[in-house]
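Visitor:
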Amino acid sequence: PRQTRPTESMPKKRRANGRNKPSGARGHVKRVFCESSGALVPKDKAVKRFIVRNMVESAAIRDLQEACAYETYTLPKMYRKVHYSISAAIHSKVVRVRSREARRIREPPRRAPRKQEK
22 PRQTRPTESM PKKRRANGRN KPSGARGHVK RVFCESSGAL VPKDKAVKRF IVRNMVESAA
82 IRDLQEACAY ETYTLPKMYR KVHYSISAAI HSKVVRVRSR EARRIREPPR RAPRKQEK
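In this text, residue positions in the sequence shown follow the numbering used here: the first is 22, and each later residue adds one.
(1) Given a cut-off of 8 Å, decide if Y105 and S57 are closer than it, judged by their beta-carbon atoms.
(2) Note the first and the last residue of the continuous beta strand (DSSP E) segment covering R40.
(3) Which residue marks the beginning of the beta strand (DSSP E) containing I72, and which one marks its end?
(4) Below 8 Å on the Cβ atoms is my contact criterion, and I expect N41 with D65 to pass it. Report the Cβ-Cβ distance as a whole number of Å.
(5) Pull up the distance between the alpha-carbon of A121 and that of V73, whole angstroms please.
(6) So, are the CB atoms of V118 and R70 less than 8 Å apart?
(7) Measuring CB to CB, does V115 end up less than 8 Å from V68?
(8) If I follow the unbroken alpha helix (DSSP H) through L85, where does it start and stop?
(9) What's the C-alpha gap between H112 and R52?
(10) With distances taken between CB atoms, is the gap from P63 to M76 smaller than 8 Å?
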């Protein structure tokens, strides 16, 4: 069998091996459930998204505002942090596969400008 010299090492695909731990950190990280597959994923490896949605669907908002006794009543929102495993995030198009050069870019992509409300 061929023996490898200590100077040779395996190539690294990602800077932190797909984790968000400090470089010198050791040990385990608590696991979270994936939103779509139910897999247990290390919290620092999971794809995290913060979802803010209206509690009332858009079709019923106007009806509620007309029936409301208060003039300036703001409808409550639902705030939820969801975690995805990498494979589930790629499958459900939460994140995309990037080229080797694009993987080095660590800044988040530009966000689309929000619509102005009336």
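Ideal Cβ placement from N, Cα and C applies to all residues, glycine included.
Guide: Result, derived from the coordinates:
(1) Residue 57 sits at position 36 when you count from the first residue of the sequence shown. Residue 105 sits at position 84 when you count from the first residue of the sequence shown. Yes, these two residues count as a Cβ contact at 8 Å.
(2) Here the question's residue 40 lines up with position 19 in the sequence shown. Element bounds for R40: n/a, residue is neither H nor E.
(3) Walking along the sequence shown from the start, residue 72 turns up at place 51. 68-75 is the extent of the beta strand (DSSP E) around I72.
(4) Your numbering for residue 41 matches position 20 in the sequence shown. Your numbering for residue 65 matches position 44 in the sequence shown. Rounded, the Cβ-Cβ distance is 4 Å, consistent with contact.
(5) Mapped onto the sequence shown, residue 121 falls at position 100. Mapped onto the sequence shown, residue 73 falls at position 52. The displayed chain sequence assigns Arg, not Ala, to residue 121. Roughly 32 Å between the two C-alpha positions.
(6) Within the sequence shown, residue 118 is the residue found at index 97, counting from 1. Within the sequence shown, residue 70 is the residue found at index 49, counting from 1. Taking the C-beta atoms as reference points, R70 is found no nearer than 8 Å to V118.
(7) The count along the sequence shown starts at 1 and reaches residue 115 at position 94. The count along the sequence shown starts at 1 and reaches residue 68 at position 47. Their beta carbons are under 8 Å apart, which means V115 touches V68 by this criterion.
(8) One-based indexing of the sequence shown puts residue 85 at position 64. Here the alpha helix (DSSP H) through L85 covers 79-88.
(9) Within the sequence shown, the letter at position 91 stands for residue 112. Within the sequence shown, the letter at position 31 stands for residue 52. About 20 Å.
(10) Working through the sequence shown from its first residue, we reach residue 63 at position 42. Working through the sequence shown from its first residue, we reach residue 76 at position 55. Between P63 and M76, the CB-CB gap reaches or exceeds 8 Å.
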